[in-house]
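Participant: Below you will find the structure I want to go over with you.
There are 2 protein chains.
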Amino acid sequence: MEKINKRSDCPISYSLDIFGDKWSLLVIRDMLFRGKFSFNEFKTSEEKMATNILADRLAKLESEQLIFKEASPKNKSKFIYQLTQKGLDLMPVLISMIQWGDKYNPDTTPTPKKIIKAYKWDPQLLITAYQKSLAAVWE
Amino acid sequence: MEKINKRSDCPISYSLDIFGDKWSLLVIRDMLFRGKFSFNEFKTSEEKMATNILADRLAKLESEQLIFKEASPKNKSKFIYQLTQKGLDLMPVLISMIQWGDKYNPDTTPTPKKIIKAYKWDPQLLITAYQKSLAAVWE
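Residue numbers (the working numbering), protein chains in the order written: chain A, 1 to 139; chain B, 140 to 278.
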């Protein structure tokens, strides 16, 4: 996959060049908050991401070094996707979107308050939770 | 314009249904941080947004009540766009994207440190700055 074409050097524009679409951040959400790390797990999410879109977004996120993949310990022909530091650093973006969505979508599935609470207290708590669910895949 | 089709009631997914594209948040950026409030001003931004895309995104942001428009005091056939509270509440999303983009785009135009500093000290300072540049349009 080619590198992105940057439209400008504005940091907001750069961010949108990479993940400014309806799907990329859902994959990051699935990894960060839902303990999902494989193509088939991402596909089961309630937004029903199409296979070709999912493959495209994973390739782009990998090419931009937000995620990387390794062969699954249980099935060497499948991949486990993990977040790089660049991907983990999207946590504040996701948290701010959770807060906005919780406030303005009247039908929101309320985000477990413990996520917001933990984040405000120490974002590292959420990173640790992510690392634990990831470690479970390798056990 | 029709209302959005919500893919799920996850707050992140709801946020992306509304502004999950490469352009919408650039318009919000222009209003919030750059004192731009008209169609022609948005068009001059360095990302060179096409007229039809800009018109589409403004209509969607208006339909989702993130912005509203009024006739320009200087030219009644033109509009001034303003942020609603729902639009202003995107400030934390933009700030978190600024911080991420500043960190990872090697060519970033560094965001004036005073923006981040003001935000951390009191987000209301940035809202007041926005209101001042908006007020100037009406003088």
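Beta carbons are placed, not taken as given, at the ideal position from N, Cα and C, and that holds for glycine.
Where does threonine 184 (chain B) land, buried or exposed, given buried means 16+ other C-beta within 10 angstroms?
Facilitator: Residue identity differs from the one stated: residue 184 (chain B) is serine in this sequence, not threonine. When all chains shown are included, serine 184 (chain B) counts as buried.
Participant: Can you grab the Cα-Cα spacing for the pair isoleucine 219 (chain B) / lysine 271 (chain B), in whole Å?
Facilitator: C-alpha separation (whole angstroms): 15 Å.
Participant: At which residues does the alpha helix (DSSP H) containing glutamine 65 (chain A) begin and terminate?
Facilitator: It is not in any alpha helix (DSSP H) - glutamine 65 (chain A) carries neither H nor E in the DSSP assignment.
Participant: So, with DSSP's three-state summary, where would you put phenylalanine 176 (chain B)?
Facilitator: Correct three-state label for phenylalanine 176 (chain B): coil.
Participant: Quick check: what's the CA-CA separation for proline 231 (chain B) versus serine 96 (chain A)?
Facilitator: Proline 231 (chain B) and serine 96 (chain A): Cα-Cα distance of roughly 6 Å.
Participant: For isoleucine 151 (chain B), would you say it is in contact with chain A, using Cβ-to-Cβ distances shorter than 8 Å as the test?
Facilitator: So yes, isoleucine 151 (chain B) belongs to the interface.
Participant: Just tell me which of A:Glu70, A:Asp107, A:Gln82 has its CA closest to the CA of arginine 29 (chain A).
Facilitator: Closest by alpha carbon: A:Gln82.
Participant: Quick one: list the residues of chain B neighbouring aspartate 17 (chain A), beta-carbon separation under 8 Å, in chain order.
Facilitator: Under the 8 Å cutoff, chain B gives Lys161.
Participant: Mind checking who phenylalanine 181 (chain B) pairs with in its DSSP beta bridge?
Facilitator: DSSP lists no partner for phenylalanine 181 (chain B).
Participant: In the DSSP assignment, what residue or residues form a beta bridge with isoleucine 80 (chain A)?
Facilitator: For isoleucine 80 (chain A), which the question treats as bridged, DSSP gives the partners A:Glu70.
Participant: If I measure Cβ to Cβ from alanine 194 (chain B) and keep anything under 6 Å in the same chain, skipping five residues before and after, which residues do I get?
Facilitator: Nothing listed; no residue qualifies.
Participant: Please classify tryptophan 23 (chain A): is it buried, with 16 or more other beta-carbons within 10 angstroms of its beta-carbon, or exposed?
Facilitator: With 16 or more Cβ atoms within 10 Å of its Cβ, tryptophan 23 (chain A) is classed as buried.
Participant: Out of B:Pro212, B:Glu209, B:Leu205, point me to the one whose CA is closest to valine 166 (chain B)'s CA.
Facilitator: That would be B:Leu205, whose Cα lies nearest to the Cα of valine 166 (chain B).
Participant: Helix, strand or coil for asparagine 191 (chain B) per DSSP?
Facilitator: Of the three classes helix, strand and coil, the one that applies to asparagine 191 (chain B) here is helix, per DSSP.
Participant: Of the choices A:Glu47, A:Pro11, A:Trp121, A:Asp21, whose alpha-carbon is the least far from that of threonine 248 (chain B)?
Facilitator: Here the closest residue by C-alpha is A:Pro11.
Participant: Out of A:Ser8, A:Lys3, A:Ile53, A:Arg7, state which residue places its alpha-carbon closest to the alpha-carbon of leucine 25 (chain A).
Facilitator: Checked all of A:Ser8, A:Lys3, A:Ile53, A:Arg7; the closest Cα to leucine 25 (chain A) is A:Ile53.
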